[in-house]
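For the protein sequence lines, the chains are S and Z, in the order given. For what it's worth, full-length UniProt numbering labels the leading residue of the first sequence as 1, then goes sequentially. For what it's worth, full-length UniProt numbering labels the leading residue of the second sequence as 1, then goes sequentially. Read the structure below first, then the notes.
There are 2 protein chains.
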Amino acid sequence: MKVKELADAAGVNPDTVRFYTREGLLRPVRNPDNNYQHYDAEDLRRLRFARKSRRLGFSLPEIRQILERADDQHSPCPMVRDVFEHRLAEVEREITELQELRTRMISALSAWQDMPDGTPDGHTICRLIEHWDDPSAPPCCGEQTS
Amino acid sequence: MKVKELADAAGVNPDTVRFYTREGLLRPVRNPDNNYQHYDAEDLRRLRFARKSRRLGFSLPEIRQILERADDQHSPCPMVRDVFEHRLAEVEREITELQELRTRMISALSAWQDMPDGTPDGHTICRLIEHWDDPSAPPCCGEQTS
DNA sequence: CTAAAACCTATGACCAACTCACAGGTCAAA
DNA sequence: TTTGACCTGTGAGTTGGTCATAGGTTTTAG
Ligand SMILES: [Zn+2]
Ligand SMILES: [Zn+2]
Ligand SMILES: [Zn+2]
Ligand SMILES: [Zn+2]
Numbered sequence: 001m002k003v004k005e006l007a008d009a010a011g012v013n014p015d016t017v018r019f020y021t022r023e024g025l026l027r028p029v030r031n032p033d034n035n036y037q038h039y040d041a042e043d044l045r046r047l048r049f050a051r052k053s054r055r056l057g058f059s060l061p062e063i064r065q066i067l068e069r070a071d072d073q074h075s076p077c078p079m080v081r082d083v084f085e086h087r088l089a090e091v092e093r094e095i096t097e098l099q100e101l102r103t104r105m106i107s108a109l110s111a112w113q114d115m116p117d118g119t120p121d122g123h124t125i126c127r128l129i130e131h132w133d134d135p136s137a138p139p140c141c142g143e144q145t146s
Numbered sequence: 001m002k003v004k005e006l007a008d009a010a011g012v013n014p015d016t017v018r019f020y021t022r023e024g025l026l027r028p029v030r031n032p033d034n035n036y037q038h039y040d041a042e043d044l045r046r047l048r049f050a051r052k053s054r055r056l057g058f059s060l061p062e063i064r065q066i067l068e069r070a071d072d073q074h075s076p077c078p079m080v081r082d083v084f085e086h087r088l089a090e091v092e093r094e095i096t097e098l099q100e101l102r103t104r105m106i107s108a109l110s111a112w113q114d115m116p117d118g119t120p121d122g123h124t125i126c127r128l129i130e131h132w133d134d135p136s137a138p139p140c141c142g143e144q145t146s
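Written as C-alpha cells, this is what we have:
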C-alpha cells in the first residue's frame with residue numbers, strides 16, 4: 001500500500017500517516033526505485049490501533065511505547081491499564097477545571113445583566129471585567145469578602 | 001517600573017510581561033540610556049485586566065482588541081458581551097466532549113475488568129484496546145451492533 | 001574599587017498532534 | 001505526451017506561555 005491507500009483504508013489524512021511514520025508508529029519499507037514508502041497489512045493494524053488508542057485518550061509517546069513493548073513480545077496490558085487510569089483521572093481534572101470556568105463565566109454573565117455599557121475614561125478599561133469578582137483569585141488591596 | 005517589578009506586582013512570570021509586551025498588550029517606554037523598558041501604573045492596570053480576562057476565557061487577540069477599542073475611547077462592552085457568549089458556548093462544547101471521552105474511558109475500564117492480560121502473538125497488539133467497541137466510531141468489517 | 005549577584009535585552013526552541021503549503025520527482029490514464 | 005493524481009522532504013502554523021542562551025547593565029557587598 002502507498003500512503004494514500006493506507007490513509008483511506010484507515011480513514012485518516014495522508015499527512016497523518018506520514019506524521020505517524022516519522023514518529024516511529026508505522027514501519028514502512030522504502031522502494032529504492034522511486035523512493036516511495038510501502039505499507040503492509042501490519043501497518044494498517046498498527047494505524048487502526050493507534051487511532052483507537054487516541055480516541056481512548058492515549059498520547060502518541062504512550063502509543064509508541066505500547067507498540068514497542070508488543071514488538072518485543074512483552075504484554076503491554078499492565079502498562080495500558082496503568083496509563084489509562086492516570087489519564088482518566090487527568091480527564092476528570094480537566095472536566096472539573098472547565099466546569100469551574102463555566103461557573104465563573106455564568107456568574108459573570110448574570111452580574112453583567114444589569115450593568116450598563118461604559119465608555120473608557122482613562123481610568124477604566126471595561127467595568128464588566130474589572131469589577132468582576134473572581135472567586136478563584138486571592139483577595140487584593142483592601143477588598144474584604146466578609 | 002522595570003519588568004520584574006511589574007511582574008511581581010501582578011503576580012506573573014517576568015517572561016509573561018515580555019511576551020504580552022511583544023504581543024502589544026502593554027506599551028512601555030524604552031530608556032535610551034540602558035535600553036530597558038519602563039512600565040507605569042497604566043501598564044499594571046492593563047496587565048491585571050489581561051490576566052482577569054484570561055481567567056474569564058478570553059484569548060490574547062481578543063484582549064488586545066478590547067484594549068485597542070478602549071484606547072480609541074470606544075466602549076468595548078458590547079464586544080465583550082458578544083465574545084463572551086460565544087466563548088461560553090465553546091466551553092460548554094469542550095465540557096461535553098470531555099464528558100463523552102470520560103464515558104468512553106469508563107465503559108472501556110469496566111469491559112477490561114474481567115479480561116486477562118495477553119501476550120502479543122503477531123496477530124494482536126493489545127486486546128484491551130483492539131476489542132474495545134468505540135461507541136462513537138462507525139461500524140466496520142462485518143461487526144453488527146444489533 | 002571591584003567582583004559577584006541580580007537584573008536587563010533579544011532571539012529561538014519547546015510543548016501536542018496534527019494540518020497545510022511548497023518545490024520538485026514519479027506514475028497513470030487520455 | 002500532457003495532464004492530473006500521487007509521492008518525497010522540509011518547514012511553518014496552531015495557543016499561551018516557559019525556558020535557555022548569550023551578552024550587556026545595575027546594584028550590592030566586601
Ligand atoms: Zn493488552
Ligand atoms: Zn483591589
Ligand atoms: Zn465594558
Ligand atoms: Zn471489525
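Quick reminder that beta carbons are idealized off the backbone N, C-alpha and C, glycines included.
Close-in-space but distant-in-sequence residues of the same chain around R30 of chain Z (CB under 8 Å, 5 per side omitted): Y36, Q37 and H38
Contact test: P78 of chain S Cβ vs ligand 1 heavy atom, cutoff 6 Å: no
M115 of chain S classed as buried or exposed, judged by whether at least 16 other C-beta atoms fall within 10 angstroms: exposed
Span of the alpha helix (DSSP H) around K52 of chain S: A41 to R55
Test: P76 of chain S CB closer than 7 Å to a CB of chain Z: yes
For V12 of chain Z: DSSP bridge partner residues: Beta-bridge pairing links V12 of chain Z to no other residue.
Whole-angstrom distance between E92 of chain S and D43 of chain Z, CA atom to CA atom: 37 Å
Three-pair Cβ contact test at 8 Å for the segment 109 to 128 of chain S versus the segment 95 to 106 of chain Z: no
7 Å Cβ shell around K4 of chain Z - same chain, five flanking residues per side excluded: P14
Exposure of E85 of chain Z, with buried meaning 16 or more beta-carbon neighbours within 10 Å: exposed
Beta carbon of L128 of chain Z nearer than 7 Å to that of V17 of chain S: no
When Z:P32, Z:S75 and Z:R48 are compared against L26 of chain Z, the one with the closest alpha-carbon: Z:R48
Classification of P120 of chain Z by the beta-carbon crowding that lies within 10 angstroms, buried from 16 upward: buried
Buried versus exposed, by CB contacts within 10 Å (16 or more), A70 of chain Z: buried
Whole-angstrom C-beta distance between A10 of chain S and R51 of chain S, which should lie under 8 Å: 6 Å
Heavy atom of ligand 3 within 6 Å of L128 of chain S beta-carbon: yes
Start and end residues, alpha helix (DSSP H) containing H86 of chain Z: C77 to W112
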